[in-house]
Amino acid sequence: MVDHGGVQVRPKEVKVCVLRIEGTNCEDEMAYAFRAVGAQAELVHLKQLTGAVPGEKRRNLEEYDVLALPGGFSAGDYVRAGAIFAARMKSAIGTDITRFVEDGRPVLGVCNGFQVLVELGLLPAFDETMSKTATAALYTNNSGRFECRPTILRNDNRGKCIFTSSIAKGKILMIPSAHAEGNLMSLDPDFIQKLEDNDQVVFRYVKEDGSKAEYPWNPNGSRSDIAGICNPAGNVMGMMPHPERVITRYTHADWTRNRPSADGDGLPIFRSVIEKLK
Amino acid sequence: MSEKGFAVKRKVPFELHDIDILSSNDRGLKKISEDMSLGLSVDEMKTIKDYFKKEGRNPTDVEMQALGQAWSEHCCYKSSKKILKQFVFGIDREDVLSRGDAGVMVFDDEHGYALRVESHNHPSAIEPYGGAATGIGGILRDVVCMGAQPIGLADPLCFGPIDKEIDVPPGVKQPRYLLGGVVSGIRDYGNRCGIPTVTGGMFFDERYTGNCLVNVGCFGIVRKKDLARNYAGGRGEVMILIGGRTGRDGIHGVNFASQDLTTTSGEDSRGAVQLGDPITKEPVIHACLEVNGKHLITGMKDLGGGGLSCVVGEMALAGGCGADVDLEKVPLKETGLAPWEIWVSESQERMMCTCKPENVEKILEIFDMWDVLATPIAKTTDSSRMRLFWKGEKIFEMDLEFLTGGPQYDRPFIMPKVSTKKDEVFPKLPNGNEVLLALLSDPNVASKEWAIRQYDHEVRGATAVHPMVGKLNMTGPGDAAILLPVSGSMKGLAVATGCNPWFTAQDPYRGGMAGIDEACRNIVAVGAKPNAFTDCLNFGNPERPERLGELREAVRGIGDIARGLNIPIPSGNVSLYNEGSGGIGILPTPMIVGCGLIDDARKAVTADLKKNGSKIFLIGK
Amino acid sequence: MAVIDIRIDLKKGVADPEGSNTKKTLESLGFKGVIDVKAVKVFEVTLDMPAEEAKKCGEEMCRRLLANPVIQSFSVTVR
Amino acid sequence: MAVIDIRIDLKKGVADPEGSNTKKTLESLGFKGVIDVKAVKVFEVTLDMPAEEAKKCGEEMCRRLLANPVIQSFSVTVR
Ligand SMILES: Nc1ncnc2c1ncn2[C@@H]1O[C@H](COP(=O)(O)OP(=O)(O)O)[C@@H](O)[C@H]1O
Chain A
0 MVDHGGVQVR
10 PKEVKVCVLR
20 IEGTNCEDEM
30 AYAFRAVGAQ
40 AELVHLKQLT
50 GAVPGEKRRN
60 LEEYDVLALP
70 GGFSAGDYVR
80 AGAIFAARMK
90 SAIGTDITRF
100 VEDGRPVLGV
110 CNGFQVLVEL
120 GLLPAFDETM
130 SKTATAALYT
140 NNSGRFECRP
150 TILRNDNRGK
160 CIFTSSIAKG
170 KILMIPSAHA
180 EGNLMSLDPD
190 FIQKLEDNDQ
200 VVFRYVKEDG
210 SKAEYPWNPN
220 GSRSDIAGIC
230 NPAGNVMGMM
240 PHPERVITRY
250 THADWTRNRP
260 SADGDGLPIF
270 RSVIEKLK
Chain B
0 MSEKGFAVKR
10 KVPFELHDID
20 ILSSNDRGLK
30 KISEDMSLGL
40 SVDEMKTIKD
50 YFKKEGRNPT
60 DVEMQALGQA
70 WSEHCCYKSS
80 KKILKQFVFG
90 IDREDVLSRG
100 DAGVMVFDDE
110 HGYALRVESH
120 NHPSAIEPYG
130 GAATGIGGIL
140 RDVVCMGAQP
150 IGLADPLCFG
160 PIDKEIDVPP
170 GVKQPRYLLG
180 GVVSGIRDYG
190 NRCGIPTVTG
200 GMFFDERYTG
210 NCLVNVGCFG
220 IVRKKDLARN
230 YAGGRGEVMI
240 LIGGRTGRDG
250 IHGVNFASQD
260 LTTTSGEDSR
270 GAVQLGDPIT
280 KEPVIHACLE
290 VNGKHLITGM
300 KDLGGGGLSC
310 VVGEMALAGG
320 CGADVDLEKV
330 PLKETGLAPW
340 EIWVSESQER
350 MMCTCKPENV
360 EKILEIFDMW
370 DVLATPIAKT
380 TDSSRMRLFW
390 KGEKIFEMDL
400 EFLTGGPQYD
410 RPFIMPKVST
420 KKDEVFPKLP
430 NGNEVLLALL
440 SDPNVASKEW
450 AIRQYDHEVR
460 GATAVHPMVG
470 KLNMTGPGDA
480 AILLPVSGSM
490 KGLAVATGCN
500 PWFTAQDPYR
510 GGMAGIDEAC
520 RNIVAVGAKP
530 NAFTDCLNFG
540 NPERPERLGE
550 LREAVRGIGD
560 IARGLNIPIP
570 SGNVSLYNEG
580 SGGIGILPTP
590 MIVGCGLIDD
600 ARKAVTADLK
610 KNGSKIFLIG
620 K
Chain C
0 MAVIDIRIDL
10 KKGVADPEGS
20 NTKKTLESLG
30 FKGVIDVKAV
40 KVFEVTLDMP
50 AEEAKKCGEE
60 MCRRLLANPV
70 IQSFSVTVR
Chain D
0 MAVIDIRIDL
10 KKGVADPEGS
20 NTKKTLESLG
30 FKGVIDVKAV
40 KVFEVTLDMP
50 AEEAKKCGEE
60 MCRRLLANPV
70 IQSFSVTVR
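Chains as they are written, first to last, in numbering that gives the first Met the number 0: chain A, 0 to 277; chain B, 0 to 620; chain C, 0 to 78; chain D, 0 to 78.
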């Protein structure tokens, strides 16, 4: 995490809730990424939202403009990645979350956060804001193991997703992946078509020249190379790769090979949503 | 412990025995040490007997077990301390901030960085997954103890050959199986804790078949004003036990680490092997750093080898005080543990902190917020003794100096035979293609990417130079990784490893030097300046003069070159008794982990060739 | 008191990388005639209630936490 | 052809973080009376051989690869 110059956007104080439970990680860099684009990010433990803490520590989801679920792991990813975090959220603050989403407020889930959003039923959410049970799954990588490697994403969203609102369609970004369970699956044969029809596909894995990815460019075997999707309303997005790890160029795996810009490729995602909220 | 001739059960409603050493002769003492798995020699037992003669009573089983732990090689470095003192401890520089559980060096005006490496060899040879995972857990705690946020991990490993199924002695596991388990253990624990594994190495040779080496290093960053001490602030303080519950796991782990592996180790060392729980660890790290950052505590130390028995004594003694412990307050995993088991258990994920009584409440509140168990179990006193109580009964009282001092040996050694130019034969090479292919397919040369990419090396978003460098998805190994420890600053910490066991076997003195030299070159190759080293000295049985000679010479080499370069070694670890069954010793392996500084990481360089037509220079001779 | 086994299987058609990696390793160790290996997850749960009720409770646990219906099926048996 | 279940249990006294984290979550979801949760690994293996032989083969697989006797015990049953 390094300071990033060149941020001129000074929007109204956008308050971001970066949610954590025991065993989450990546929350510091997630908060840092939002701060880098001028937002006010706070690390909030799930306990603080459920009232299981002394008065001055309590928080209400209502107070925030953006909810961010960080990557890494949660509760060791025992049972299934994201399952424990999702079940605890749903039972404790399920209605607060539904209200938050129906209010049109942005929710971002990265990596483990994406897994949590799917387990919660906030993605793909074809029929309702939050489905009762999960309707998709992020399943074990085809390789059967954890993969930490650079991946290249193409913005395939036609304009609905709030997190890519200032990123040109077709734009290529280099955003690294690090996960063991990132293969987006559904048993619905029309799954991909539905996502396409609703403009819910956000990012696809591609090769450097933008052509179709195969392993390792698609690190998990996800169908149609999908790396990130949003809900039908466009305010909930989940993605496997980690934009918060590339806020400056100096954390890109290949920056010594002459990357052109000083910004990292993850920055525009955070900037998009903050600009929308200004 | 079952009823044995020398153990007299005390008339109390719990398991407590007085051990009759006062009326035991040498043979009896030897038998007591063996039957109680104390790992103490007859001479050591006699010293203990003399002490208790002065006390006018026999020791309890709790006291004997505590001595067994405290006087093990692992805890008191009895065979190596003299050598370390003579050659490496003395290298001082004004930017060494601490030589505690981890070494701490100045990073910038406001911060220090922590470094330490440790071995987890024997547990990993028995249960590779759990052994490696708990190794990571332990080294993370050593860094957290300094008040430092862990920012990176290193994992240099040595195994037997993996390119073929080999004949292994009974009880020894296939190197392939061991390597797979160790890599998975490091992956799962490191990734789940969210600390990037950024450097390391793998080395393969037959001589590691019976005794693999799993060394794990950790780096951290701490604000200078938050630098923690590892001992009590003085008398009248409270000791708070933090983290996991105490169980039977890991009992006699340190004695086990200080013995040769025998063929039956796999079946009967279960108590010495533990599984880590990264999900407890992560909140423990957060909570410990929070109470330290708020300056609510006076000292902090992790529970490693020897468990409570070592940590309470060391924290009190170094703080210039004694301690009274309420042993029954210790939260347990299971019922029915005898007091001595609780006292020496090495259950994972535990730390101890000391504080002024008025801060206890605030501290407990913070741990509660993180759902981390924290229990006051002891008080520091103005005596020089440690006492333990169980349901009102005093079950332990010993002089701290005697308990934690431990013996120190000047064991006999033989100067190793050093290979000379005359001994070297340059092999006749077949054609170049064949040689190249053979080299590239040798596990010592072949790409380690399959393992490196299972470790998250970018979590925390602060990895500037990655372990693999070059064109995306066509990368090769880099020389050193660079981390950006301070958010908002481009000052970088370069980290790399160095060790050449083959050299060291031929010439231990120069082999020790070569490890430091390699670590330095790796660091310089990314554009950073070497600043400090930490070392893990993996050697064989020190009671064999030729093995001790190797250790001594290697350490002398390390010391000479480090002093020559004026680069300190503020921390390290010694792992002896690395011998498989039948006394096949490992190669002498002084593993070096080096740290370097680079003022502006934007000026870092990587090894990959950037474009056609560049010039290549060879530097040095 | 009842002890139940909650068995979580992958649904048909869902690839099983852990199973196929294990199969490969077994074959490389020289095991012959291995047609298929499936990795299954079992939770052995001890509940303070009669067997009938425990079974129902186990099923509810699957629906709420232990299984993802998209990829997994579950079955509960009393031990 | 025979289908066997190879069940790998953690031995008594070996910590089971997956089991205990799952228990904690079930409790926080409001499940009552949960005394214990153990995470067990099962491999369902289909073998091209008669049941008797398959059982023996499964046991050999455990000894050579699937189980570590230090922390795990195993049992093989024919389905
Ligand atoms: N080879 C070595 N080089 C430098 N320092 C060492 C070496 N071996 C041990 N030390 C230092 O000696 C101290 C005691 O080590 P040890 O007893 O293993 O630590 P702990 O109390 O964390 O178990 C530590 O500060 C350690 O860094």
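Note that beta-carbon positions come from the ideal geometry of N, C-alpha and C, so glycine has one too.
The structure displayed is predicted, hence computed values, not measured ones.
Assumed close pair residue i, residue j - CB separation to whole angstroms, cut-off 8 Å
i	j	result
GLY539 (chain B)	GLY514 (chain B)	Wrong, their Cβ atoms sit about 17 Å apart, outside the cutoff.
ALA26 (chain C)	GLY143 (chain A)	With the sequence shown as reference, residue 26 (chain C) is identified as Glu, and Ala is not the correct amino acid for it. In fact, because the Cβ distance is near 15 Å, the residues do not count as touching under 8 Å.
ASP214 (chain B)	ILE585 (chain B)	Per the sequence presented here, residue 214 (chain B) reads as Asn, with Asp not at that position. Not quite, the Cβ-Cβ distance comes to about 12 Å (not below 8 Å), so this is no contact.
GLU14 (chain B)	ALA337 (chain B)	4 Å
THR380 (chain B)	GLY319 (chain B)	At roughly 11 Å, the Cβ-Cβ gap does not stay under 8 Å, so THR380 (chain B) and GLY319 (chain B) are not in contact.
VAL15 (chain A)	VAL65 (chain A)	4 Å
VAL100 (chain A)	ILE151 (chain A)	Contact doesn't hold; Cβ gap of about 30 Å is too wide.
CYS110 (chain B)	ARG247 (chain B)	Checking the displayed sequence, the identity of residue 110 (chain B) turns out to be His instead of Cys. Rounded, the Cβ-Cβ distance is 41 Å, inconsistent with contact.
VAL69 (chain D)	GLU126 (chain B)	5 Å
VAL13 (chain A)	ILE273 (chain A)	5 Å
PHE158 (chain B)	LEU139 (chain B)	Between LEU139 (chain B) and PHE158 (chain B) the Cβ distance is about 23 Å, and since that is not below 8 Å, they are no contact.
PRO279 (chain A)	ASN197 (chain A)	What the structure shows of chain A is the stretch from 0 to 277, and residue 279 (chain A) is not part of that stretch, so it cannot be assessed.
VAL310 (chain B)	GLN68 (chain B)	About 11 Å; that fails the 8 Å criterion.
Status (buried if at least 16 other CB within 10 Å, exposed otherwise) for residue i
i	result
SER268 (chain B)	Any reading at SER268 (chain B) must be qualified, since the residue scores a pLDDT of 43, below 50, and its modelled position is unreliable; the value itself is stated next. With 16 or more Cβ atoms within 10 Å of its Cβ, SER268 (chain B) is classed as buried.
LYS211 (chain A)	exposed
MET414 (chain B)	exposed
VAL142 (chain B)	buried
ASP49 (chain B)	exposed
PHE616 (chain B)	exposed
GLY233 (chain A)	buried
PHE269 (chain A)	buried
GLU205 (chain B)	exposed
HIS294 (chain B)	exposed
Residue closest to residue i, alpha-carbon to alpha-carbon, out of the options
i	options	result
SER118 (chain B)	B:GLN453, B:VAL181, B:VAL103	B:VAL181
TYR76 (chain B)	B:LEU402, B:LEU547, B:ASP17, B:GLN407	B:GLN407
ASP19 (chain B)	B:ILE451, B:ILE47, B:GLY199, B:SER40	B:ILE47
LYS10 (chain D)	D:ASN20, D:ASN67, D:VAL77	D:ASN67
GLY158 (chain A)	A:ASN140, A:PHE202, A:MET129	A:PHE202
LYS528 (chain B)	B:PHE106, B:VAL87, B:PHE51	B:PHE106
GLY563 (chain B)	B:GLU457, B:GLY189, B:ASP516, B:LEU399	B:ASP516
GLU62 (chain B)	B:ILE394, B:GLU345, B:VAL329	B:ILE394
TRP449 (chain B)	A:GLY227, A:ALA226, A:PRO215	A:PRO215
PHE388 (chain B)	B:SER382, B:ASP398, B:ILE376, B:LEU399	B:ILE376
LEU591 (chain B)	B:ASN537, B:GLU545, B:TYR188	The identity of residue 591 (chain B) in the sequence shown is Ile, whereas the question assumes Leu. Considering only alpha carbons, the answer is B:ASN537.
Chain D residues whose Cβ lies nearer than 9 Å to that of residue i
i	result
GLU126 (chain B)	ASN67, VAL69, ILE70
Per-residue contacts from residue i into chain D (C-beta, under 7 Å)
i	result
ARG63 (chain C)	LEU28
Where residue i meets chain D, residues with beta-carbon distance less than 8 Å
i	result
SER90 (chain A)	SER27, LEU28, GLY29
Chain-ordered chain C contacts of residue i [CB-CB under 7 Å]
i	result
MET239 (chain A)	Near MET239 (chain A) there are no residues of chain C at all, since even the closest Cβ is about 16 Å away, more than 7 Å.
Under 8 Å by beta carbon: chain C residues contacting residue i
i	result
GLU185 (chain A)	The identity of residue 185 (chain A) in the sequence shown is Ser, whereas the question assumes Glu. By Cβ distance, chain C contributes VAL69.
**Message:** By the 8 Å beta-carbon criterion, what residues does the segment 32-56 of chain D contribute toward chain C?
**Reply:** Closer than 8 Å at the C-beta level to chain C, one finds these residues of the segment 32-56 of chain D: GLY32, VAL33, ILE34, ASP35, VAL36, LYS37, ALA38, VAL39, LYS40, VAL41, PHE42, GLU43, VAL44, THR45, LEU46, ASP47, MET48, CYS56.
**Members of the segment 16-29 of chain D near chain A, C-beta cut-off 8 Å** = PRO16, GLU17, ASN20, THR21, THR24, SER27, LEU28, GLY29
**Prompt:** Mind listing which residues of the segment 68-82 of chain A have their C-beta closer than 8 Å to chain C's C-betas, in chain order?
**Reply:** VAL78, ARG79, ALA82
**Message:** Closer than 9 Å between beta carbons: that is the criterion. Which residues of the segment 128-154 of chain B meet it against chain D?
**Reply:** TYR128, GLY129
**Prompt:** Looking at chain B, which residues of the segment 133-163 of chain A have a Cβ within less than 7 Å of any of its Cβ atoms?
**Reply:** Interface annotation for the segment 133-163 of chain A against chain B: ARG144, PHE145, GLU146, CYS147, ARG148, PRO149, criterion Cβ-Cβ distance under 7 Å.
**Request:** Taking a Cβ distance cut-off of 9 Å, strictly less, list which residues of the segment 454-471 of chain B are near chain A, in chain order.
**Result:** TYR454, ASP455, HIS456, GLU457, VAL458, ARG459, GLY460, ALA461, THR462, ALA463, VAL464, HIS465, MET467, VAL468, GLY469, LYS470, LEU471
**Item:** Contact set between the segment 603-616 of chain B and chain A, restricted to residues whose Cβ is under 8 Å from the partner
**Value:** ALA603, VAL604, THR605, ASP607, LYS609
**Asked** If you measure beta-carbon to beta-carbon, which residues of the segment 173-184 of chain A are closer than 7 Å to chain C?
**Response** Residues of the segment 173-184 of chain A that bring their beta carbon within less than 7 Å of a beta carbon in chain C comprise MET184, in sequence order.
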